[in-house]
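Working notes, beginning with the structure itself.
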Amino acid sequence: MSATNAKGTALITGASMGIGAIYADRLARRGYDLILVARNEARLNELAARLKGETGRSVKTLQADLNEKADLAKVEQVLHEDQAITMLVNNAGIGAVTPLLATDLAKVDELIALNVTSLTRLTYAAAPAFVTRGRGTIINIASIVAISPETLNGVYGATKAYVLALTHSLQHELAGKGLRIQAVLPAATATDFWDKTGHSYQNLPDGTVMSAEDMVDAALVGLDQGELVTLPSLPDGDEWTRFEAARRTMSEHFFHSAPARRYTTAGRVPSTSPSSFSSAAASTRSGVVNPSVNVS
Ligand code: NAP
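Its first residue numbered 0, the sequence shown is counted upward by one per residue in numbering that gives the first Met the number 0.
Below, the structure is given as structure tokens:
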């Protein structure tokens with residue numbers, strides 16, 4: 000980190016192209032030093048040289064295949080040890096558009112390993128260090144398929160639902176410890192992501208695809224506005240607010256000792272009288288998990 004850098008260093012995964020490369024550009028211009036992670040070293044070096052020249056920031060590259068244990072461990076170690084790191088952008092990800100049963104299981108494994116396992120491990124590497132220092136930002140690139148799993152491949156959607164759920168949980172447990180957390184849910188974005196699925200974004204209907212530059216710029220505005228979840232392409236933000244409010248309200252209604260009346264069979268009296276665990280819900284909301292409630 001250069002001596003004058005108050006922002007610290009952002010480590011960005013999947014920074015060799017697409018959305019990650021735009022994050023690199025924008026964060027360097029915002030004053031962050033960078034550590035760029037991906038497999039394609041030549042692309043990383045080219046981007047690093049350009050950004051160093053244009054912004055004067057320190058830009059390092061870390062060649063790693065996040066689906067290889069040894070490489071992943073290398074990145075985890077950097078997150079553990081480099082005290083200058085103040086931001087993790089969990090961006091590396093792959094997708095699929097095939098129906099569930101037409102999807103090769105090897106592809107399913109690869110999707111889960113990169114989109115879920117590596118993201119989780121890197122989060123676990125960064126978060127404790129950020130907590131110790133009382134500051135740090137984690138940006139998780141999810142997707143609108145997190146809440147619309149019928150749109151593309153179901154496993155891809157499920158991996159992004161995981162990212163969204165993890166983000167909510169990180170916020171719940173770590174926001175009070177000085178961490179900034181954000182999930183970004185892009186819709187179709189003009190990158191090579193689509194070509195890798197065998198379907199170019201150029202074949203998507205007119206007016207449905209956003210440039211990666213616009214998507215990242217909007218996501219950073221969302222970050223500046225303190226959003227936990229940013230949907231760059233959703234025109235009416237109140238739709239998300241209502242959706243999230245409904246989820247949170249329903250979360251207060253889950254804990255009862257008897258099944259809901261609609262599931263009681265005729266003539267059968269529930270073994271315990273209905274009573275609610277509203278105190279459990281309240282304590283969960285306040286950040287203290289009630290030890291008497293095992294919801295696993
Ligand atoms: P992209 O252009 O294909 O870029 C993906 C990046 O991830 C590349 O830098 C790639 O670099 C890296 N990567 C892939 N596999 C990797 C591995 N095993 N280890 C390390 N790095 C790896 O796709 P993108 O659109 O920018 O996607 C970025 C994120 O946005 C993904 O999480 C994706 O799910 C999400 N997203 C994209 C869209 C969209 O429409 N494009 C929409 C919603 C969400 P190397 O090949 O050099 O490793």
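By construction, the Cβ of each residue, glycine as well, lies at the ideal position given by its N, Cα and C atoms.
Because the structure is a prediction, the values reported are computed rather than measured.
Checklist entry - Going along the chain, which residues of its own chain have a beta-carbon closer than 6 Å to the beta-carbon of V228, five neighbours each way excluded? => result A182
Checklist entry - To the nearest whole angstrom, what separates the beta carbons of A91 and A37, a pair I think is in contact under 8 Å? => result 7 Å
Next on the checklist: Rounded to whole angstroms, what is the Cα-Cα separation between G197 and R260?
Outcome noted: Rounded to whole angstroms, the gap between the alpha carbons of G197 and R260 is 48 Å.
Checklist entry - From G177 to E75, what does the alpha carbon distance come to, in whole angstroms? => result Between G177 and E75, the C-alpha separation is close to 21 Å.
Next on the checklist: For a minimum of 3 consecutive residues, which ranges assigned as the beta strand (DSSP E) are wholly contained in the segment 122-177?
Outcome noted: 135-140
Next on the checklist: Can you determine whether any heavy atom of the ligand NAP sits closer than 7 Å to the C-beta of R247, and answer yes or no?
Outcome noted: no
Checklist entry - Is T85 helix, strand or coil by DSSP? => result T85: strand per DSSP, three-state reduction.
Item to check | Closest residue to I84 among T264, G153 and A125 (Cα-Cα distance) | outcome: A125
Item to check | Other residues of its chain near L203: CB distance less than 7 Å, five sequence neighbours each side excluded | outcome: Counting only Cβ-Cβ distances below 7 Å, and skipping sequence neighbours, we find A187.
Checklist entry - Where does L104 land, buried or exposed, given buried means 16+ other C-beta within 10 angstroms? => result So L104 counts as exposed.
Checklist entry - Is R42 near the ligand HEM, judged by its Cβ being under 7 Å from some heavy atom? => result With respect to the ligand HEM, the structure shown offers nothing to examine, as its ligands consist of the ligand NAP.
Checklist entry - Are the beta-carbon atoms of A95 and L71 separated by less than 8 Å? => result no
Item to check | For G30 and L99, the rounded distance between their alpha carbons | outcome: 43 Å
Checklist entry - Nearest chain C C-beta to Q76 closer than 8 Å, yes or no? => result The chain labelled as chain C is not found in the depicted structure, where only one protein chain is given.
Checklist entry - DSSP state of P273, grouped into three classes? => result Below a pLDDT of 50, predicted positions are generally treated as unreliable, and P273, at 48, falls in that range; the measurement from the model is reported next regardless. DSSP places P273 in coil when its eight states are reduced to three.
Next on the checklist: Applying the 10 Å Cβ sphere with the 16-neighbour rule, what's the burial state of F253?
Outcome noted: exposed
Checklist entry - Based on the DSSP secondary-structure assignment, which residues constitute the bridge partners of D32? => result In DSSP, D32 forms a bridge with T8.
Next on the checklist: Please identify the residue among M16, E53, W193 and N4 whose C-alpha is closest to the C-alpha of L35.
Outcome noted: M16
Item to check | Neighbourhood of A233 by C-beta distance below 7 Å, restricted to the same chain and skipping five residues each side | outcome: According to the sequence as given, residue 233 is Leu; it is not Ala. Only W239 meet the Cβ criterion.
Next on the checklist: Considering only heavy atoms of the ligand NAP, does any lie closer than 7 Å to the CB of D148?
Outcome noted: Checking the sequence shown, residue 148 turns out to be Pro, not Asp. Checking every heavy atom of the ligand NAP against the Cβ of P148, none is found closer than 7 Å.
Item to check | One or two residues paired with R179 in a DSSP bridge | outcome: Bridge partners of R179: T136.
Next on the checklist: Spatial neighbours of A47 within its chain, please: C-beta separation below 8 Å, excluding the five flanking residues on both sides.
Outcome noted: Excluding its 5 nearest sequence neighbours in each direction, A47 has C-beta neighbours in its own chain below 8 Å: L33, L35, V58, K59 and T60, listed in chain order.
Checklist entry - Looking at the structure shown, is A189 part of a helix, part of a strand, or coil, going by DSSP? => result strand
Checklist entry - Are at least three pairs of beta-carbons, each pair with one atom in the segment 129-144 and one in the segment 155-163, less than 8 Å apart? => result As far as the Cβ criterion goes, the segment 129-144 touches the segment 155-163, which means the pair count is three or higher.
Item to check | G7 to K106 span [Cα, whole Å] | outcome: 36 Å
Checklist entry - If R353 sits next to T54, beta carbons under 8 Å apart, how far is it from one beta carbon to the other, in whole angstroms? => result One cannot answer for residue 353 here, as it falls past the ends of the chain, which runs 0 to 295.
Item to check | Proximity winner among M209, L50, V115 and A174, relative to I18 (alpha-carbon distances) | outcome: Among M209, L50, V115 and A174, the Cα nearest to that of I18 is on M209.
Item to check | The alpha helix (DSSP H) enclosing L71, as first and last residue numbers | outcome: K68 to E80
Next on the checklist: One question on the structure: do L78 and T12 come within less than 8 Å of each other, judged by their Cβ atoms?
Outcome noted: Contact: no.
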